[in-house]
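Student: The structure follows.
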Amino acid sequence: MQDLCCAGAGEHAHWAAAATGRNAVEPARANGRRTTRPAPRRPPRYSALALVRHGLSGKEWPRAWRDHPLGTSYDVVIVGAGVHGLAAAYYLAANHGITNVAVLDKSYLGGGGSGRSTAILRSNYLTPEGVRFYDRSMELYRTLAADLDYNVMFSRRGHLTLAHNDSSLRTMRWRAEVNKLQGVDSELIGPAEIKRLVPYLDISPDTRYPILGALYHPPGGIIRHDAVNWGYARAADVYGVQIHQGTEVTGIDVADGRVRGVRTNRGDIATPVVLNCTAGWSTLVAAMAGVRLPIQTFPLQAAVTEPVRPFLHSVVVSGTLHVYVSQTDRGELVFGASVDPFASYSTRGSLEFAEGLATHVIELMPALSKMRLLRQWSGLCDMTPDFSPIMGGTGVDGFYVDVGWGTYGFKAGPVSGEAMAECIATGRTPEIIASFGLDRFGEGRLVGEKGAAAVGH
Ligand SMILES: Cc1cc2nc3c(=O)[nH]c(=O)nc-3n(C[C@H](O)[C@H](O)[C@H](O)COP(=O)(O)OP(=O)(O)OC[C@H]3O[C@@H](n4cnc5c(N)ncnc54)[C@H](O)[C@@H]3O)c2cc1C
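The numbering of the sequence shown is this note's numbering, which starts it at 20 and goes up by one.
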């Protein structure tokens, strides 16, 4: 079987030779080639002491990441400044010393799904490959605030996926067993225990969709999505990675089966490595390199209420009712659902969504009937046939993808960034993403996660 991540890795590895030597002070080695490692910038640490010092001095905080003129060549160009592109840039620099990297975004940093996510974190997936993969992300998230020196507000809450019928109960039991075998804390619990955890849930048997049980996953929780994006951006900038907002990739130059560069609305860039992290737009960018992806783009909507006193301490998901809810530290209730029924690039909110959401939320928690929605929004989701991501090489040497994140990709930012950075730096596919290659669709090795990823996010 061809290893797409490694496909032609030896050839594309000439990226290192293109290093410009910007601020070069310390040689490093990656992918067997010599590259250069600029001295990290030293921004002030975010700490209580620094806060007091800045308060007293009245000095401005330095910008978290800097603007740069667009270069004419980079060792690696990452398309998309969402959590995936930024995490990959950070780990390329921090773990592999590859710093001559540009992250390009046609819009603003975090302007895609990563700034629209409801940021639910969990690892209670259905397949062993999925559970292992997402659990590594949870591990990275747990120490992310310290690693990036940025308060990402990770809040472990416990995650409940409700079962309203026998087939859902069966799937929850299945997931619980797979999770336990992978060392992930998940168990099936009954209505009494559910009521103890979430007193406002209506667990009476005479509702339209009675709650029969739930998959309970104590490590699940929520995080502050903007802080994660900004934290990665700041940390990558420290190493010399350049982030270019308002820079749209309009073409990818491929010659003799190898990436040569990208064309943008601000000029052409020579590069031997392009990583496509554009989620809802990923098929359009892949097509520029002549690569077809089995992905369709669907809008996903979410909504938030006015803040109220904290009363909901777990994340609650109902796949049957197509709804989930959590409460932020500020007290707002954050609601989400499954994707809109039609493939589209529209990011408009709809009344149908708000009506359906309200109906189902009130079925679950009648006490919320007087809550007022503050706003609703929408983002684009790149859905694959098996509800699992696509990561690695593509058959075009030097063209990599980190896509197919659907409605569940925010939680995977750290692990996919770490794995894609390793893939690019070493030319080898890390074991943790080996099952998620593009070749699985041709070979019929799908990683079916629909039972754990359709609504739960
Ligand atoms: C409403 C909503 C709720 C969600 N809730 C959750 C959740 O609770 N938990 C979870 O794990 N996941 C959730 N998700 C999914 C998650 O947000 C996404 O899977 C994830 O953020 C994708 O990140 P990304 O970095 O791959 O892409 P994005 O953050 O979408 O970034 C892609 C970027 O590519 C840029 N781009 C596109 N084309 C080009 C081009 N030609 N040139 C340059 N730049 C380009 C875009 O401007 C964009 O900024 C949710 C998504 C939505 C929309």
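Cβ atoms here follow ideal geometry from the backbone N, Cα and C, with glycine treated the same way.
Between which two residues does the alpha helix (DSSP H) holding Thr403 run?
Tutor: Segment: none, Thr403 is in no alpha helix (DSSP H) and carries neither H nor E.
Student: Could you check whether the Cβ of Cys296 sits closer than 7 Å to any heavy atom belonging to ligand 1?
Tutor: Yes, the Cβ of Cys296 comes within 7 Å of a heavy atom of ligand 1.
Student: What's the C-alpha gap between Gly101 and Met157?
Tutor: Roughly 18 Å between the two C-alpha positions.
Student: Tell me whether the beta-carbon of Gly375 lies closer than 8 Å to the beta-carbon of Ala473.
Tutor: Cβ atoms of Gly375 and Ala473: not closer than 8 Å.
Student: Closer than 8 Å by C-beta to Ile451: which residues in its own chain qualify, once you throw out the five before and the five after it? Chain order, please.
Tutor: Excluding residues within five positions, the ones whose Cβ falls inside 8 Å are Arg151, Phe152, Arg155, Val434 and Ala438.
Student: Please report how far the alpha carbon of Thr366 lies from the alpha carbon of Ser133, in whole angstroms.
Tutor: Roughly 14 Å separates the two Cα atoms.
Student: Could you tell me whether any non-hydrogen atom of ligand 1 is closer than 7 Å to the CB of Arg285?
Tutor: For ligand 1, not one heavy atom lies less than 7 Å from the Cβ of Arg285.
Student: Is the beta carbon of Glu468 less than 8 Å from the beta carbon of Thr146?
Tutor: Yes, the pair counts as a contact, with Cβ atoms nearer than the cut-off.
Student: Drop a sphere of 10 angstroms on the beta-carbon of Trp249, count the other beta-carbons inside from all chains shown, and report buried for 16 or more, exposed for fewer.
Tutor: Flag for Trp249 reads buried.
Student: I'd like to confirm something about Ala321: is its beta-carbon nearer than 7 Å to some heavy atom of ligand 1, or not?
Tutor: Yes - ligand 1 has a heavy atom lying nearer than 7 Å to the Cβ of Ala321.
Student: Going by beta-carbon coordinates alone, are Val415 and Val310 separated by less than 8 Å?
Tutor: Going by C-beta atoms, Val415 is nearer than 8 Å to Val310.
Student: For Trp300, is the beta carbon positioned less than 7 Å from some heavy atom of ligand 1?
Tutor: Checking every heavy atom of ligand 1 against the Cβ of Trp300, one is found closer than 7 Å.
Student: Kindly provide the ranges of any beta strand (DSSP E) runs that are 3 or more residues long and lie completely inside the segment 257 to 307, ordered along the chain.
Tutor: Here the runs fully enclosed are 261 to 263, 268 to 274, 277 to 283, 286 to 289 and 293 to 295.
Student: On the DSSP letters alone, give me the boundaries of the beta strand (DSSP E) that Ile230 sits inside.
Tutor: Ile230 -> no beta strand (DSSP E), and no H or E assigned at all.
Student: Could you spell out where the beta strand (DSSP E) holding Asp421 opens and where it closes?
Tutor: Run containing Asp421: Phe418 to Val422, per the beta strand (DSSP E) assignment.
Student: State the DSSP-derived secondary structure class of Thr162, mapped to helix, strand or coil.
Tutor: Three-state result, Thr162: coil.
Student: Could you round the C-beta distance between Gly395 and Gln320 to whole angstroms and report it? I think they count as a contact, below 8 Å.
Tutor: Rather than Gly, the amino acid found at residue 395 in this sequence is Gln. With a Cβ gap of about 6 Å, Gln395 and Gln320 count as contacting.
Student: Taking C-beta to C-beta, are Ile409 and Leu111 nearer than 8 Å?
Tutor: For Ile409 and Leu111, no; Cβs fall outside 8 Å.
Student: What runs of the beta strand (DSSP E), each 3 residues or longer, lie entirely inside the segment 132 to 181?
Tutor: Correct list: empty.
Student: Classify Tyr343 as helix, strand or coil using the three-state DSSP reduction.
Tutor: Three-state result, Tyr343: strand.
Student: Who are Gln395's beta bridge partners in DSSP?
Tutor: Its beta-bridge partners are Ala322.
Student: So, at 6 Å on beta carbons, what are the nonlocal neighbours of Val327 in its own chain, with the 5 sequence-adjacent residues on each side left out?
Tutor: Same-chain partners within the cutoff: Gly350.
Student: Whose C-beta lies closer than 7 Å to the C-beta of Ala386 among residues of the same chain, with five residues either side of it excluded?
Tutor: Taken in chain order, the residues that qualify are Tyr219.
Student: If you draw a straight line from the C-alpha of Gly463 to the C-alpha of Gly259, how long is it?
Tutor: Looking at the two C-alpha atoms, the distance is approximately 41 Å.
Student: For Phe361, which three-state DSSP category applies?
Tutor: Looking at Phe361 - three-state DSSP - the assignment turns out to be coil, as it is neither helix nor strand.
Student: Per DSSP, which residues does Leu488 bridge with? Please list them.
Tutor: Absent from the structure is residue 488, since the part of the chain shown begins at 20 and ends at 476.
Student: Identify every residue that forms a DSSP beta bridge with Val336.
Tutor: Looking at the DSSP assignment, Val336 forms a beta bridge with Thr180 and Tyr343.
Student: Just the Cα atoms here: how many angstroms apart are Leu23 and Thr413?
Tutor: Residue placement at Leu23 is poorly supported in this model, since its pLDDT is 47, which falls under 50; the coordinates still yield a value, given next. Roughly 6 Å separates the two Cα atoms.
Student: Report yes if the C-beta of Tyr228 is less than 7 Å from at least one heavy atom of ligand 3; otherwise report no.
Tutor: The model depicted lacks ligand 3 and carries ligand 1 instead.
Student: When you compare only the Cα positions, how much space is there between Thr180 and Met384?
Tutor: Approximately 15 Å, taken between the alpha carbons.
Student: Let me know if Leu200 comes out buried or exposed under the rule of 16 or more other beta-carbons within 10 Å of its beta-carbon.
Tutor: Exposed, because fewer than 16 other Cβ atoms sit within 10 Å of the Cβ of Leu200.
Student: Between Asp401 and Gly436, is the Cβ-Cβ spacing less than 8 Å?
Tutor: Contact flag unset, no.
Student: Check the C-beta distance from Gly240 over to Val171 and give it rounded, since I have them as a contact under 8 Å.
Tutor: No, Gly240 and Val171 are not in contact; Cβ-Cβ is about 11 Å, not under 8 Å.
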